[in-house]
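Right, one structure below, let's go through it.
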Amino acid sequence: MNNTNNPSEKIRQLRLQKDLSQENMADMLGLSTTAYGDMERGRTELSFSRLENIAKLLDVSLPELLGFESKTLSETEWLRQENERLLSTNAKLQNELDLWKQRFGSLVTLEIGRQVQQHREPIGF
């Protein structure tokens, strides 16, 4: 089997090895054939739970499905490394969000205040 790091391509290869059609996989996953085909073509972002379900259906480990040789990394070690990668990505995204808040937070606050002022009913005595 070709060793690939592209999960969509790996899923297709494994499905073909198991002699399953896209229709079979779609039915087993509770998806339309079009939705499943989009997954194999890489047009749809694959969630972790969807990847787990596909790995079970294809009778492979999650690291193997994602293109890691199961002999080189245990599933626990792979999950630990993947968790570290996701934590790092989340930290970078949080920093970016904080930067955007710093740059535009006061503008948003001013705009909200302006909108509230426009919609405030006049006070009469």
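Every letter in the sequence shown is one number past the one before it in our numbering, and letter 9, counting from 1, is 9.
Just so it is clear, CB atoms sit at the ideal spot from N, CA and C, and this is done for glycine as well.
In this structure, the alpha-carbon of E75 lies about 24 Å from that of L16. Shown here, R41 sits in coil according to DSSP, grouped into three states, outside any helix or strand.
Note that the C-beta distance between N53 and L29 is below 8 Å.
For K18, no alpha helix (DSSP H) encloses it, and the DSSP letter there is neither H nor E. N83 and A91 have their alpha carbons spaced roughly 12 Å apart.
By the 16-neighbour rule on beta-carbons within 10 angstroms, R114 is exposed.
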